[in-house]
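Protein chains: 2
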Amino acid sequence: MRLSRYFLPLLKETPADATIASHKYMLRAGMIKQNSAGIYSWLPLGFKVLKKIEQIVREEQDKAGAIEMLMPTIQSADLWKETGRYNAYGPEMLRITDRHEREMLYGPTNEDMITDIFRSFVRSYKDLPKNLYHIQWKFRDERRPRFGVMRGREFLMKDAYSFDMSAEDARRSYNKMFLAYLNTYARMGLKAVAMKADTGPIGGDLSHEFIILAETGESEVFCHADLVNMPPPGELDFEADLQPLVNERLALYAATDEMHDAAAFAKIPEDKRLSARGIEVGHIFYFGEKYSEPMGAKVMDKDGKAVTVHMGSYGVGVSRLVGGIIEASHDENGIIWPKEVAPFGAGIINLKVGDEEADKVSEDVYAKLTAAGVDPLYDDKSDRGGVKFSRMDLIGLPYQITVGPRGLKEGIVEVKDRATGKRQNLAPDAAVNFISAQFGVGA
Amino acid sequence: MRLSRYFLPLLKETPADATIASHKYMLRAGMIKQNSAGIYSWLPLGFKVLKKIEQIVREEQDKAGAIEMLMPTIQSADLWKETGRYNAYGPEMLRITDRHEREMLYGPTNEDMITDIFRSFVRSYKDLPKNLYHIQWKFRDERRPRFGVMRGREFLMKDAYSFDMSAEDARRSYNKMFLAYLNTYARMGLKAVAMKADTGPIGGDLSHEFIILAETGESEVFCHADLVNMPPPGELDFEADLQPLVNERLALYAATDEMHDAAAFAKIPEDKRLSARGIEVGHIFYFGEKYSEPMGAKVMDKDGKAVTVHMGSYGVGVSRLVGGIIEASHDENGIIWPKEVAPFGAGIINLKVGDEEADKVSEDVYAKLTAAGVDPLYDDKSDRGGVKFSRMDLIGLPYQITVGPRGLKEGIVEVKDRATGKRQNLAPDAAVNFISAQFGVGA
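Chains C and L, in that order, are what the protein sequence lines are. In this text, residue positions in the first sequence follow this note's numbering: the first is 1, and each later residue adds one. In this text, residue positions in the second sequence follow this note's numbering: the first is 1, and each later residue adds one.
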């Protein structure tokens with residue numbers, strides 16, 4: 001993409017209401033614009049990151065055997081009355097009356113609706129286990145939306161729902177999601193820890209939150225320090241028994257504030273006791289028959305007996321992750337995108353637009369990186385070098401290639417690694433090859 | 001995908017309220033489930049088609065230089081009051097009051113919001129032209145939703161918005177979309193005709209609807225017959241003057257019911273006069289300063305003079321297209337998917353699950369088609385052959401491979417082309433190669 005044709009409206013000033021790094025940088029880097037309190041437009045740069053995160057979540061769900069579908073945003077209140085949640089849910093639910101005076105709502109979650117879909121179609125144990133997911137916008141009418149996309153009102157969530165014949169089978173479904181989540185976050189460059197969590201309004205008796213540590217985290221969390229750097233499970237046979245892999249993690253203490261057990265925490269060796277601020281980026285639940293029972297979601301077992309199915313639900317905060325990744329990866333100059341979620345793989349800075357040689361080399365590098373699949377952003381605007389450098393640092397692409405007349409006299413361009421700040425001078429083609437190799441793509 | 005693990009809830013009976021082919025088949029083939037009047041869940045099979053259509057729309061928009069972003073579904077009423085549309089837009093607008101008693105609405109379209117975004121950031125002629133688009137769920141509270149996804153309440157639309165310095169420049173932006181749309185529909189196997197159209201509540205003085213002809217179309221349309229089979233423009237240089245290519249189309253009469261001119265129509269040679277039912281699958285508008293003027297969207301021109309920008313908007317009914325394609329492509333046994341939008345490239349029917357040889361060959365064909373990128377659906381369920389054949393016909397995958405003990409004795413499987421019904425007997429590897437070749441992928 002050529003910057004001159006792109007829509008990247010940077011802000012010079014940080015809006016006063018932005019108090020945390022991700023909110024500040026997302027506004028300043030032209031990633032989002034607030035339209036109403038807690039409701040944002042995703043401008044092109046922010047949209048690209050959102051889509052990359054969504055795609056990683058999708059791929060890891062698919063690998064774990066979950067099947068994608070899509071439920072609507074607007075739901076009828078009727079289903080929520082069946083489960084008793086319509087009255088229980090409080091003012092965070094956005095309630096709507098349509099033109100025929102029917103009670104509707106903007107879905108904050110989908111347990112009720114997916115249970116209705118399941119009971120409409122599934123009759124036999126032969127069709128189980130099933131795990132159905134969707135990635136859809138949700139709405140929670142927060143009393144005081146803040147922190148940008150971290151606590152917005154309209155937000156994008158991946159939510160999966162599993163259906164099993166027994167608590168034991170449901171535990172297997174739970175374990176698949178547990179491990180798939182660890183792989184998901186690791187692919188985004190995040191160190192996420194699964195922590196024992198409160199089940200809140202979803203209910204149930206087994207639940208974990210996935211937490212990334214960050215100073216600006218919303219809550220206090222407690223865990224064994226070894227969990228933070230434990231490598232993700234990696235490629236898995238999801239048909240195998242995953243309990244041992246899950247147990248390796250559960251053997252070490254990790255709990256959110258609500259579930260914290262000071263006595264158990266005190267038993268951790270002192271140098272391994274970690275108490276820190278955390279950001280929740282996922283939450284999984286096993287809640288058994290909580291929805292299937294009142295809604296009559298039953299299937300026939302092998303003996304023709306009707307069995308109420310056991311369910312779990314599994315959420316990933318897709319739009320919140322954009323903010324979470326920035327909280328975990330930035331410096332005083334701006335964002336530092338992990339490669340897998342970067343909106344563009346590299347930025348090309350032409351220091352002298354209009355200079356024949358600088359233009360030629362920049363265009364050539366742009367064409368070659370594009371062909372290699374790096375998806376570069378080419379700064380072809382006629383601003384001063386200082387403006388270009390700070391702009392590129394702010395938006396945080398993993399690599400920068402600076403092309404200027406001075407270097408070109410010696411046949412070189414400068415390649416900068418945004419994360420380490422390391423610079424190297426390379427011939428233009430060598431720069432293209434170096435960057436392509438970082439992404440594992442052909443130049 | 002193995003059918004035994006998929007979620008494909010077929011219906012044996014056609015629900016009584018489904019009167020047109022697409023609605024019937026989408027319900028029967030387990031593509032959608034109605035959750036409330038005019039509000040649907042996209043079950044896995046339907047979701048895959050929806051995503052394929054969305055991706056084609058996206059690619060053709062990107063080629064034409066439009067830039068993707070994403071606006072929220074919930075909007076503040078304030079912007080709509082600025083343009084005077086809040087009161088003008090009748091009961092089809094879903095009006096919402098949030099917990100702080102603020103007036104909100106579920107966006108039926110986004111002219112007001114995009115104009116606000118534009119005026120917040122863009123100051124100079126140097127940043128124009130711009131065309132920003134998003135693919136987002138919309139809501140129109142239809143009095144009487146019907147025809148399944150063809151006239152639903154919650155629906156997926158691609159809407160693009162162009163910003164230019166003058167009416168002349170805006171015409172260039174209009175022409176890009178005009179031709180990009182023809183390419184978009186052609187890629188989905190549709191013959192769409194651009195017809196002079198009424199501007200309705202969007203306003204403006206230049207507008208075309210893109211219409212596909214189908215007996216179940218919602219309105220009467222009139223055109224020169226040659227337009228129906230005119231090839232799409234194909235690969236274009238979007239920087240070039242596109243007016244001649246557009247003029248080739250405009251030279252021939254084509255109008256919707258509202259804009260029909262019987263006298264002009266009568267001048268078409270009689271054997272070329274086509275009057276038929278049509279389905280609208282896109283609508284483009286040039287409306288100049290209709291929104292930019294009341295909202296004060298101005299930029300500085302070269303001489304430092306403030307100029308009100310000229311705008312257009314360009315919609316494609318993404319979810320409606322799923323129904324539109326079925327209306328245009330089905331027979332008495334079910335759907336016939338064009339290759340580019342088919343949910344799976346081919347179906348493998350194992351006629352005798354449990355038979356060692358049939359299982360082995362089916363698995364092998366499944367693995368090879370998967371590796372080739374054909375994305376097959378493998379019917380590994382133990383139903384009777386008749387059930388399997390009609391199921392596969394109903395869901396309409398372009399190719400079927402039938403694997404059975406009888407054929408295997410002679411070393412062959414049967415390949416059926418869903419559209420033509422043509423069958424051929426081939427060795428399993430030859431069948432894999434034949435089908436892969438139809439998709440232009442390697443086996």
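Just so it is clear, CB atoms sit at the ideal spot from N, CA and C, and this is done for glycine as well.
- Burial is judged here by how many other beta carbons sit within 10 angstroms of a residue's own beta carbon; residue 195/C has at least 16 and is buried.
- Judged by DSSP secondary structure, residue 416/C falls within the beta strand (DSSP E) whose first and last residues are 413 to 417.
- Using a Cβ distance threshold of 7 angstroms, residue 86/L and residue 77/L count as a contacting pair.
- Listed in chain order, the beta strand (DSSP E) runs fully inside the segment 166 to 232 of chain L are 192 to 196, 206 to 213, 219 to 224, counting runs of at least 3 residues.
- Taking a beta-carbon distance threshold of 7 angstroms, residue 344/C does not count as an interface residue toward chain L.
- Flagged as an interface residue toward chain C: residue 36/L, by a C-beta distance shorter than 7 angstroms.
- For residue 284/L, the secondary structure class from DSSP, reduced to helix, strand or coil, is strand.
- Counting only runs of 3 or more residues that sit fully inside the segment 364 to 434 of chain C, the beta strand (DSSP E) segments are 377 to 379, 399 to 403, 413 to 417, 423 to 426, in chain order.
- Residues of chain L with a Cβ closer than 9 angstroms to the Cβ of residue 75/C are, in chain order, 35, 36, 39.
- For residue 366/C, none of the residues of chain L pass the 9 angstroms Cβ criterion, the least Cβ distance being about 16 angstroms.
- Per DSSP, residue 118/L is not a residue of any beta strand (DSSP E); the alpha helix (DSSP H) it occupies stretches across 111 to 121.
- Among the residues facing chain L, residue 379/C is not included, as its CB has no counterpart in that chain under 7 angstroms away.
- Look at residue 156/L here: in three-state DSSP terms it is strand.
- The residues 20, 327, in chain order, have a CB closer than 6 angstroms to that of residue 216/C in the same chain once the five nearest residues on each side in sequence are set aside.
- Against residue 147/C, chain L offers no close residue; the least beta-carbon distance is about 17 angstroms (beta-carbon pairs closer than 7 angstroms).
- Non-local beta-carbon contacts of residue 339/L in its own chain, meaning distances under 6 angstroms to residues more than five positions away in sequence, involve 398 in chain order.
- Among the CB atoms of chain C, one or more fall inside 7 angstroms of the CB of residue 137/L.
- Selection 42/C, 67/C, 182/C evaluated against residue 137/C yields 42/C as nearest (Cα-Cα).
- For residue 137/C, the enclosing beta strand (DSSP E) covers residues 130 to 139.
- In this structure, residue 228/C places its C-beta atom within 7 angstroms of the C-beta atom of residue 191/C.
- Here the segment 128 to 142 of chain L lies against the segment 163 to 182 of chain L, with 3 or more beta-carbon pairs under 8 angstroms apart.
- Within its own chain, the residues whose Cβ lies closer than 8 angstroms to the Cβ of residue 104/C, once the five positions on either side in sequence are excluded, are 74, 75, 76, 77, 95, 96, 97, 98, listed in chain order.
- Among the residues facing chain L, residue 59/C is not included, as its CB has no counterpart in that chain under 7 angstroms away.
- Bounds of the beta strand (DSSP E) holding residue 316/C are 310 to 317.
- For residue 87/C, there is no enclosing beta strand (DSSP E); the enclosing alpha helix (DSSP H) has its first and last residue at 85 to 88.
- Straight through space, the alpha carbons of residue 241/C and residue 235/C are spaced by roughly 14 angstroms.
- Separation of residue 334/C and residue 186/C (C-alpha to C-alpha, rounded to the nearest whole angstrom) is 22 angstroms.
- For the pair residue 358/C and residue 352/C, the CB atoms are nearer than the 7 angstroms cut-off.
- DSSP assignment within the segment 48 to 84 of chain C yields the following whole alpha helix (DSSP H) runs of 4 residues or more, N-terminal first: 77 to 82.
- Within the segment 62 to 87 of chain C, those residues whose Cβ lies closer than 9 angstroms to any Cβ of chain L are, in chain order, 65, 67, 68, 69, 70, 71, 72, 73, 74, 75, 76, 78, 79.
- Identification of chain C residues near residue 120/L by a Cβ-Cβ cut-off of 9 angstroms yields 9, 33, ordered along the chain.
- Annotation for residue 95/C: the continuous beta strand (DSSP E) segment containing it runs 94 to 97.
- Taking a C-beta distance under 7 angstroms as the contact criterion, residue 32/L and residue 25/L do not qualify as a contact pair.
- At a cut-off of 7 angstroms, the C-beta of residue 42/L has a neighbouring C-beta in chain C.
- According to DSSP, residue pairing for residue 41/C in a beta bridge involves 33/C.
- Taking 8 angstroms as the upper bound for CB-CB distance, residue 423/C and residue 414/C are in contact here, some 6 angstroms apart.
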